[in-house]
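Number of protein chains: 4
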Amino acid sequence: MAKKIDKKAAILDAMLDLVVKRGFHDAPMSALARKSGASPGVIYHYFPSKNDLIRALYQRVAAVKHRAFFEGYSHDMSARESLLHIWLNAYRFYRTHRKEARFLDQYLSSGYCKTSEDEEAESADPTVKRIMKWMRPKKHGGVLKDLPPEAIDSLTLGLAASLAKAPKAFSKDTLTRIAETVWTAIAEE
Amino acid sequence: MAKKIDKKAAILDAMLDLVVKRGFHDAPMSALARKSGASPGVIYHYFPSKNDLIRALYQRVAAVKHRAFFEGYSHDMSARESLLHIWLNAYRFYRTHRKEARFLDQYLSSGYCKTSEDEEAESADPTVKRIMKWMRPKKHGGVLKDLPPEAIDSLTLGLAASLAKAPKAFSKDTLTRIAETVWTAIAEE
Amino acid sequence: MAKKIDKKAAILDAMLDLVVKRGFHDAPMSALARKSGASPGVIYHYFPSKNDLIRALYQRVAAVKHRAFFEGYSHDMSARESLLHIWLNAYRFYRTHRKEARFLDQYLSSGYCKTSEDEEAESADPTVKRIMKWMRPKKHGGVLKDLPPEAIDSLTLGLAASLAKAPKAFSKDTLTRIAETVWTAIAEE
Amino acid sequence: MAKKIDKKAAILDAMLDLVVKRGFHDAPMSALARKSGASPGVIYHYFPSKNDLIRALYQRVAAVKHRAFFEGYSHDMSARESLLHIWLNAYRFYRTHRKEARFLDQYLSSGYCKTSEDEEAESADPTVKRIMKWMRPKKHGGVLKDLPPEAIDSLTLGLAASLAKAPKAFSKDTLTRIAETVWTAIAEE
DNA sequence: AATGAATGAGGATTCATTCAT
DNA sequence: TATGAATGAATCCTCATTCAT
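The following block contains the structure:
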């Protein structure tokens with residue numbers, strides 16, 4: 002039964018690699034079989050279809066990302082502390098999971114996911130809910146300037162993702178400085 | 002001969018639509034033929050292969066985007082004015098060319114382009130060169146805070162692109178306010 | 002009108018080249034157009050179809066070959082002289098028309114010609130008829146040993162064709178010696 | 002696993018038929034699939050491409066031919082006996098394998114084989130090497146007259162192939178007589 | 001006569017998926 | 001569970017041929 006999990010994981014790993022290296026177009030099941038060491042037959046034993054397999058991969062990656070983002074986060078942090086903490090976590094995740102980052106980019110832009118369930122799952126999480134409470138403009142009960150949510154997202158997590166794509170990693174100091182700059186820019190007062 | 006251009010354009014238009022609606026995976030030439038009203042044969046008369054066709058589409062889109070970004074820009078603008086101007090142009094472009102925006106996202110994340118020629122062409126432009134001169138940290142001869150280029154890019158054009166993805170358009174006032182917030186955040190002093 | 006002939010000839014020349022270089026499979030009209038400098042349209046002005054074009058080419062080649070074989074032949078030669086003369090002509094033709102030789106090989110083995118008219122035309126020639134009279138076993142009124150016609154053909158013209166395929170040309174002396182050896186082998190007495 | 006071989010063989014058989022009946026041009030994979038009873042998919046499971054399939058067919062045919070030529074041959078035969086034996090074998094092979102003969106003609110003249118590996122394999126065989134030792138002019142250590150190798154080949158195997166193309170088979174007596182005529186013609190003394 | 005864009009059936013090949021073993 | 005041969009529709013692309021100009 003450990004085997005089961007291993008094989009499933011191996012298949013997902015191989016698909017991750019494949020999609021990152023060659024794109025969703027040009028990621029055939031035959032190549033997946035070769036790469037993963039699983040026969041076409043077993044792949045379909047574990048996943049009902051290619052679509053399901055890819056969605057499963059997305060969910061695995063999303064779960065890992067979610068865990069990484071909130072690692073070490075505690076409810077008694079201030080809004081500022083929370084943001085800085087999560088922001089650094091995000092950078093670290095994107096930096097240490099470059100394949101996953103590239104996969105997410107592609108998955109989200111490719112329209113491979115037709116359903117909107119994906120995000121719903123995310124926003125159902127109580128921790129996320131709590132954070133979202135103050136991660137919004139003051140006039141909506143939060144602590145931030147009056148900026149559209151898209152702007153807030155882009156200026157925080159979007160920035161972390163962009164920075165993680167740089168060829169070299171940034172020092173914690175640099176990152177903290179940047180995070181504080183951002184905080185100043187978006188926080189009210 | 003006007004027809005020639007028309008047909009080529011029609012094919013590219015149809016491919017843009019197709020990729021945006023269904024993704025690079027699931028954008029077969031047969032569907033393109035149907036959509037564009039061109040026979041499979043002629044498509045290959047105009048483009049040597051599907052790859053070339055997609056690259057040509059990218060180049061067309063990139064050229065339009067480039068023109069849009071610098072529309073109305075003049076060399077006697079101050080750094081601040083330039084940024085605000087281009088930033089608004091970018092937002093407008095992404096807003097009025099949503100298909101193009103989605104295509105670019107997908108093209109760049111899918112690895113459909115293996116060559117790096119694409120960006121090189123962009124940065125060879127003299128206007129871009131001139132702007133890039135001051136769009137960098139003060140210590141490198143620019144007017145900005147000491148931030149990595151990825152951060153600058155994300156905080157400016159990345160933000161514009163994100164905002165453009167919002168369901169509703171923002172008023173010019175809102176946009177200007179956001180742009181100024183950003184300027185304050187990244188400009189030195 | 003000289004142009005007409007030139008263009009037709011250019012097309013046939015190009016096809017000869019094409020077939021010899023790439024084979025009947027892989028000799029598309031598009032390549033022919035490129036090579037010959039004629040547009041697809043004109044090719045179809047001169048030849049009703051690809052099949053006809055190839056048959057026309059065959060006929061041109063066959064005619065040239067026929068002329069070459071009987072060049073300098075005169076009716077007052079003895080059987081032995083005739084054979085030697087024609088045999089040397091054949092060798093010379095295959096040697097100086099290597100493309101034509103390769104084309105003939107291919108044309109005849111490929112079944113591109115479904116009709117048997119091709120050979121009929123040849124054997125209708127009065128000169129050929131006269132020669133064929135004594136190029137047969139004595140008991141059928143000829144001057145040769147009792148060998149099947151296939152053997153005679155192979156030992157004479159077949160041999161000439163084979164020799165012509167050698168990398169280097171043979172001297173006239175060598176050829177004459179070989180021809181005499183053959184004559185001795187197949188002539189009665 | 003016997004099935005595997007069967008299917009591969011069935012595919013090759015069908016291709017042999019196809020090429021012989023319709024030529025290399027006009028031997029589409031679709032027709033092959035129909036004829037062989039294999040789906041397009043499996044054909045590509047067994048052979049990476051049409052080219053490889055045809056080369057494989059050639060190699061199979063060449064191997065059969067090779068075996069047939071040397072059937073019953075023993076090293077203690079005299080040169081004369083060897084030649085006669087192999088010559089008769091050759092005739093028999095071409096006579097009983099007319100499709101194979103036509104295929105070889107076409108394969109070799111069509112330039113479908115670009116590689117020269119094909120012949121190399123043949124001449125690496127030790128039996129062939131041994132025979133080739135005396136199948137050459139006396140002055141090169143053989144037992145034959147001073148004739149170019151092309152001539153020797155044409156006068157022996159070429160002749161056998163030609164005879165086999167005759168509508169009717171020849172009696173063993175006739176063949177032996179012809180073989181002896183040839184031997185006399187090419188052997189020294 | 002000449003062009004070359006246009007056609008669309010047909011070519012080789014791939015690929016998600018199934019199924020006998 | 002696992003295999004990998006088998007399927008056949010769908011893919012990208014070609015090619016003989018036509019036709020408006």
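Chains A, B, C and D, in that order, give the protein sequences.
For what it's worth, the working numbering labels the leading residue of the first sequence as 2, then goes sequentially.
For what it's worth, the working numbering labels the leading residue of the second sequence as 2, then goes sequentially.
For what it's worth, the working numbering labels the leading residue of the third sequence as 2, then goes sequentially.
For what it's worth, the working numbering labels the leading residue of the fourth sequence as 2, then goes sequentially.
The beta carbon of each residue, even a glycine, is placed where N, CA and C say it ideally should be.
Rounded C-alpha distance that separates residue i from residue j
| i | j | result |
| --- | --- | --- |
| B:Arg-61 | C:Asp-106 | 51 Å |
| A:Tyr-45 | D:Met-30 | 29 Å |
| A:Pro-149 | B:Arg-96 | 15 Å |
| D:Tyr-74 | D:Ala-64 | 16 Å |
| B:Gly-112 | C:Leu-164 | 57 Å |
| D:Ile-87 | C:Ser-124 | 34 Å |
| D:Glu-121 | D:Met-133 | 14 Å |
| C:Asp-77 | C:Ser-83 | 9 Å |
| C:Val-251 | B:Phe-70 | What the structure shows of chain C is the stretch from 2 to 190, and residue 251 of chain C is not part of that stretch, so it cannot be assessed. |
| D:Arg-35 | D:Ile-6 | 19 Å |
| C:Lys-140 | C:Val-129 | 20 Å |
| B:Ile-179 | B:Lys-173 | 10 Å |
| B:Asn-52 | D:Asp-126 | 48 Å |
| C:Gly-42 | C:Ala-28 | 17 Å |
| C:His-26 | D:His-26 | 4 Å |
| A:Ser-110 | A:Ser-79 | 34 Å |
| A:Ala-39 | A:Ala-32 | 10 Å |
| C:Val-183 | C:Arg-103 | 24 Å |
| A:Gly-175 | B:Arg-137 | A small fix is needed here, since residue 175 of chain A is Thr in this sequence, not Gly. If you take the alpha carbons of A:Thr-175 and B:Arg-137, they lie about 16 Å apart. |
| B:His-67 | B:Phe-94 | 10 Å |
8 Å CB neighbourhood of residue i in its chain, flanking five on each side removed
| i | result |
| --- | --- |
| B:Thr-177 | Leu-85, Leu-89 |
| C:Cys-114 | Arg-56, Tyr-59, Tyr-108 |
| D:Lys-22 | none |
Interface flag, residue i vs chain B, CB-CB below 9 Å
| i | result |
| --- | --- |
| A:Gln-107 | yes |
| A:Ala-63 | no |
| A:Pro-150 | yes |
| A:Thr-177 | no |
| A:Lys-146 | yes |
| A:Lys-166 | yes |
Close beta carbons around residue i, own chain, < 6 Å, minus the five adjacent residues each side
| i | result |
| --- | --- |
| B:Leu-158 | Ala-91 |
| D:Lys-146 | Ile-187, Glu-189 |
Beta-carbon contacts of residue i that lie in its chain and below 7 Å, excluding the five residues immediately before and after
| i | result |
| --- | --- |
| D:Trp-155 | In the sequence under discussion, the amino acid at residue 155 of chain D is Ser, which differs from the Trp named in the question. Excluding positions up to five away in sequence, the list is empty. |
| C:Leu-58 | Leu-13, Met-16, Leu-17 |
| C:Leu-160 | Val-183 |
Any C-beta of chain C under 9 Å from that of residue i
| i | result |
| --- | --- |
| D:His-187 | Here residue 187 of chain D is Ile; the residue named in the question, His, does not match the sequence. Judged by the 9 Å Cβ criterion, D:Ile-187 is in contact with chain C. |
| D:Ala-28 | yes |
Residue-level contact to chain A via CB, residue i, 9 Å cutoff
| i | result |
| --- | --- |
| B:Phe-171 | yes |
| B:Thr-128 | no |
| B:Val-183 | yes |
CB contact below 9 Å: residue i versus chain D
| i | result |
| --- | --- |
| C:Lys-22 | yes |
| C:Thr-97 | no |
| C:Lys-9 | no |
Boundaries of the alpha helix (DSSP H) in which residue i is found, first to last residue
| i | result |
| --- | --- |
| A:Asp-106 | 99-111 |
| D:Ser-50 | That residue, D:Ser-50, is in no alpha helix (DSSP H); it is neither H nor E in DSSP. |
| C:Asp-154 | 150-154 |
| B:Ala-125 | Premise fails: B:Ala-125 is in no alpha helix (DSSP H) and is neither H nor E. |
| C:Lys-173 | 173-187 |
| C:Ser-79 | First-last for C:Ser-79: undefined, no H or E at that position. |
| B:Ser-75 | First-last for B:Ser-75: undefined, no H or E at that position. |
| A:Arg-170 | A small correction: the amino acid at residue 170 of chain A is Ala; Arg does not occupy that position in the sequence shown. Note, A:Ala-170: premise wrong, no alpha helix (DSSP H); not H, not E. |
| B:Ser-40 | Segment: none, B:Ser-40 is in no alpha helix (DSSP H) and carries neither H nor E. |
Partners in chain D for residue i, counting only beta-carbon separations shorter than 9 Å
| i | result |
| --- | --- |
| C:Ser-37 | Per Cβ cutoff of 9 Å: no residues; C:Ser-37 is ~19 Å from chain D at best. |
Contacts that residue i makes with chain B (C-beta to C-beta distance below 7 Å)
| i | result |
| --- | --- |
| A:Gly-159 | Ser-155, Gly-159, Ser-163 |
Cβ-heavy atom distance, residue i to the ligand FAD, below 8 Å
| i | result |
| --- | --- |
| D:Ser-79 | Ligands in the displayed structure: none, and consequently the ligand FAD is not present. |
Contact set between residue i and chain D, taken where Cβ atoms lie within less than 8 Å
| i | result |
| --- | --- |
| C:Phe-70 | Residues of chain D passing the Cβ test: none, with the nearest at roughly 18 Å. |
| C:Ser-110 | Arg-103, Asp-106, Gln-107, Ser-110, Ser-111 |
| C:Phe-25 | Gly-24, Phe-25, His-26, Ser-111 |
Neighbouring residues, chain D, relative to residue i (Cβ below 7 Å)
| i | result |
| --- | --- |
| C:Ile-100 | The sequence as given places Lys at residue 100 of chain C; Ile does not occur at that position. Here the premise fails: no neighbours, minimum Cβ distance about 12 Å. |
Chain-ordered neighbours of residue i on chain B, where CB pairs are closer than 8 Å
| i | result |
| --- | --- |
| A:Ala-57 | The contacting residues do not exist; A:Ala-57 stays about 17 Å from chain B at best. |
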